[in-house]
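**Student:**
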Amino acid sequence: MSACLPYPTLVALWAGELEESEAAAIDEHLFGCDACAAATERLAKVVGTLRVEAGKRRAVGEYVVTHVWR
Amino acid sequence: MNAPTIEADQERSFCQRYSNRIRAYGLCHLRDTAAAEDLVQQVLLIVLQALRDGRVKDVDNLDKYVFGTCRNTAMDIRRGSARQRRIAAAAATALPDSYEPRWELADRSRLDQCLERLEARARAVVLATFVDERGADDVGRSMSLSAGNVRVIRHRALAHLQRCMEGERPS
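Chains as they are written, first to last, in my numbering: chain A, 1 to 70; chain B, 1001 to 1171.
1. Please identify the residue among B:LEU1044, B:ARG1079 and B:GLY1080 whose C-alpha is closest to the C-alpha of ASP1063 (chain B).
2. Is ALA44 (chain A) close to chain B? Criterion is C-beta to C-beta, closer than 7 angstroms.
3. Using the three-state DSSP reduction, which class does LYS45 (chain A) fall into: helix, strand or coil?
4. Have a look at A:GLU53, A:CYS36 and A:GLY32 and flag the residue whose alpha-carbon is nearest the alpha-carbon of LEU77 (chain A).
5. Can ALA28 (chain A) and PHE1067 (chain B) be called in contact, C-beta distance under 7 angstroms?
6. Of the choices B:VAL1152, B:ARG1156, B:GLY1026 and B:ALA1157, whose alpha-carbon is the least far from that of ARG1078 (chain B)?
7. Are the beta-carbon atoms of ILE1006 (chain B) and LEU1051 (chain B) separated by less than 7 angstroms?
8. State the Cα-Cα distance for the pair ARG1110 (chain B) and MET1165 (chain B), rounded to the nearest angstrom.
9. Is CYS1114 (chain B) helix, strand or coil by DSSP?
10. According to DSSP, simplified to helix, strand and coil, what is PRO8 (chain A)?
11. When burial is assigned at 16 or more other CB atoms within 10 Å of the CB, is VAL1125 (chain B) buried or exposed?
12. Less than 7 angstroms separating the beta-carbons of GLY55 (chain A) and LEU1105 (chain B)?
13. Under the rule that 16 or more other beta-carbon atoms within 10 Å means buried, what is ASP1038 (chain B), buried or exposed?
14. Helix, strand or coil for ILE1153 (chain B)? Go by DSSP, reduced to three states.
15. Quick check on SER1019 (chain B): buried or exposed, where buried means 16 or more other Cβ atoms within 10 Å of its Cβ?
16. Verify the CB distance criterion: does GLY1075 (chain B) have a CB-CB separation below 7 angstroms to chain A?
17. Would you grab the beta carbon distance between GLN1162 (chain B) and VAL46 (chain A) for me? Rounded to a whole angstrom, and I think it's under 8 angstroms.
18. Any residues in the stretch 22-56 of chain A with a beta carbon nearer than 8 angstroms to a beta carbon of chain B? Which ones, in chain order?
19. Among the candidates A:ALA38, A:CYS33, A:GLU53 and A:ILE26, whose CA atom is the shortest distance from the CA of THR9 (chain A)?
20. Can you give me the start and stop residues for the alpha helix (DSSP H) that LEU50 (chain A) sits inside?
21. How long is the line joining the alpha carbons of ASP1208 (chain B) and GLY32 (chain A), rounded to whole angstroms?
22. Residues of chain B with CB under 7 angstroms from ALA3 (chain A), in chain order?
23. Go ahead and label GLY1140 (chain B) buried or exposed: buried means 16 or more other beta carbons lie within 10 angstroms of its beta carbon, across all protein chains shown.
If you want it as structure tokens, here you go:
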């Protein structure tokens, strides 16, 4: 794999949606491609924050009321 | 002929180049910020030690070496192996002084503001995917959408969220 990855593919990787072999090929590309590494690091910050902060509040039901079904 | 060893400034460059990549891999696959931070330290230590000992034969292909080490170490962390615990104990004292282990997540209030800017359906898809860890098929069924639609809504919403959190001030 040499071409840079489209954003939806990176998102699918983060959503855990790709086959193992496809995910492994993408991960290997991410270690060698500066542009894709930078893109995934930015995505990591957003998804990481979502999981930590939204996850804490989701655990006590806050997001169900204030952010989803309002 | 022995493989080349590594100088101190090369070690710093190595840590700068790979720490965020390893952390992103850890966050993506281990889904835990503390485990991702452990992964960064352990992979840096393992590869640095191999470089210091001259055990990396093909330095031009270091990306592949780091990736392979990262994948194997992540598996060890998942299994909680004894080897992994020994490496973790050694990692704290053996990395270069310049290595910065902390990596700030985005601001929590900013996350709230940016989530508020998403339309309700997009917000629900993002939260269902990345907080509740639900797949596109499952999310689609509960929202009367196709899995394909969920994927499109998801990556567009995440792109909006990312732009907002990176600096576009919420109104």
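Cβ atoms here follow ideal geometry from the backbone N, Cα and C, with glycine treated the same way.
**Tutor:** Taking the coordinates as given:
1. Sequence index remark: in the second sequence, residue 1063 (chain B) carries index 63 (1-based). Cα-wise, what sits closest to ASP1063 (chain B) is B:LEU1044.
2. Counted from its first residue, the first sequence places residue 44 (chain A) at position 44. Taking Cβ atoms only, chain B reaches closer than 7 angstroms to ALA44 (chain A), which makes this a yes.
3. Position 45 of the first sequence holds residue 45 (chain A). Of the three classes helix, strand and coil, the one that applies to LYS45 (chain A) here is helix, per DSSP.
4. Given that chain A is displayed from residue 1 to residue 70, the structure contains no residue 77 (chain A) and the question cannot be resolved.
5. For the purposes of this step, residue 28 (chain A) is identified with residue 28 of the first sequence, where counting begins at 1. For the purposes of this step, residue 1067 (chain B) is identified with residue 67 of the second sequence, where counting begins at 1. Looking at the sequence provided, one finds Glu at residue 28 (chain A) rather than Ala. Contact: yes.
6. For this step, residue 1078 (chain B) is matched to residue 78 along the second sequence. Checking every option, the nearest Cα to that of ARG1078 (chain B) belongs to B:GLY1026.
7. Residue mapping note: residue 1006 (chain B) aligns to position 6 of the second sequence, counting from 1. Residue mapping note: residue 1051 (chain B) aligns to position 51 of the second sequence, counting from 1. In this structure, LEU1051 (chain B) lies closer than 7 angstroms to ILE1006 (chain B) by Cβ.
8. Indexing the second sequence from 1 puts residue 1110 (chain B) at position 110. Indexing the second sequence from 1 puts residue 1165 (chain B) at position 165. When the Cα atoms are used, ARG1110 (chain B) and MET1165 (chain B) turn out to be separated by approximately 6 angstroms.
9. Counting from one through the second sequence, the residue named residue 1114 (chain B) turns up at place 114. CYS1114 (chain B) falls in the helix class under three-state DSSP.
10. If you number the first sequence from 1, residue 8 (chain A) lands on position 8. Reduced to three states, the DSSP call for PRO8 (chain A) is helix.
11. In the second sequence, residue 1125 (chain B) corresponds to position 125, counting from 1. By the 10 Å Cβ count, VAL1125 (chain B) comes out buried.
12. By 1-based counting over the first sequence, the position of residue 55 (chain A) is 55. By 1-based counting over the second sequence, the position of residue 1105 (chain B) is 105. Against a cut-off of 7 angstroms, the Cβ pair of LEU1105 (chain B) and GLY55 (chain A) comes out as no contact.
13. Translated into the one-based positions of the second sequence, residue 1038 (chain B) becomes position 38. The residue in question, ASP1038 (chain B), is buried, as its Cβ has 16 or more Cβ neighbours within 10 Å.
14. What you label residue 1153 (chain B) is simply residue 153 of the second sequence in a count that begins at 1. In the structure shown, ILE1153 (chain B) sits in a helix (DSSP, three-state: H, G or I).
15. As a working note, residue 1019 (chain B) is residue 19 in the second sequence. Burial of SER1019 (chain B) is indicated by the presence of at least 16 other C-beta atoms within 10 angstroms of its C-beta.
16. Reading the second sequence from its first residue, position 75 is the one you call residue 1075 (chain B). According to the sequence provided, residue 1075 (chain B) is Met. The question's Gly does not apply to it. Not closer than 7 angstroms to any Cβ of chain A, the Cβ of MET1075 (chain B) fails to qualify, so no.
17. In the second sequence, counting from the first residue as 1, residue 1162 (chain B) sits at position 162. In the first sequence, counting from the first residue as 1, residue 46 (chain A) sits at position 46. The Cβ separation is near 5 angstroms, so the contact holds.
18. ALA24, ASP27, GLU28, LEU30, PHE31, GLY32, ALA37, THR40, GLU41, ARG42, LEU43, ALA44, LYS45, VAL46, VAL47, GLY48, THR49, LEU50, ARG51, VAL52, GLU53, ALA54 and GLY55
19. Looking up residue 9 (chain A) in the first sequence gives position 9. Minimum Cα distance to THR9 (chain A) is reached at A:ILE26.
20. Position 50 of the first sequence, counting from 1, holds the residue named residue 50 (chain A). It is not in any alpha helix (DSSP H) - LEU50 (chain A) carries neither H nor E in the DSSP assignment.
21. Coverage of chain B is limited to positions 1001 through 1171, which leaves residue 1208 (chain B) absent and any answer about it impossible.
22. Here residue 3 (chain A) corresponds to residue number 3 of the first sequence, with the count starting at 1. Per Cβ cutoff of 7 angstroms: no residues; ALA3 (chain A) is ~16 angstroms from chain B at best.
23. Here residue 1140 (chain B) refers to the residue found at position 140 of the second sequence. Buried: at least 16 other Cβ atoms inside 10 Å.
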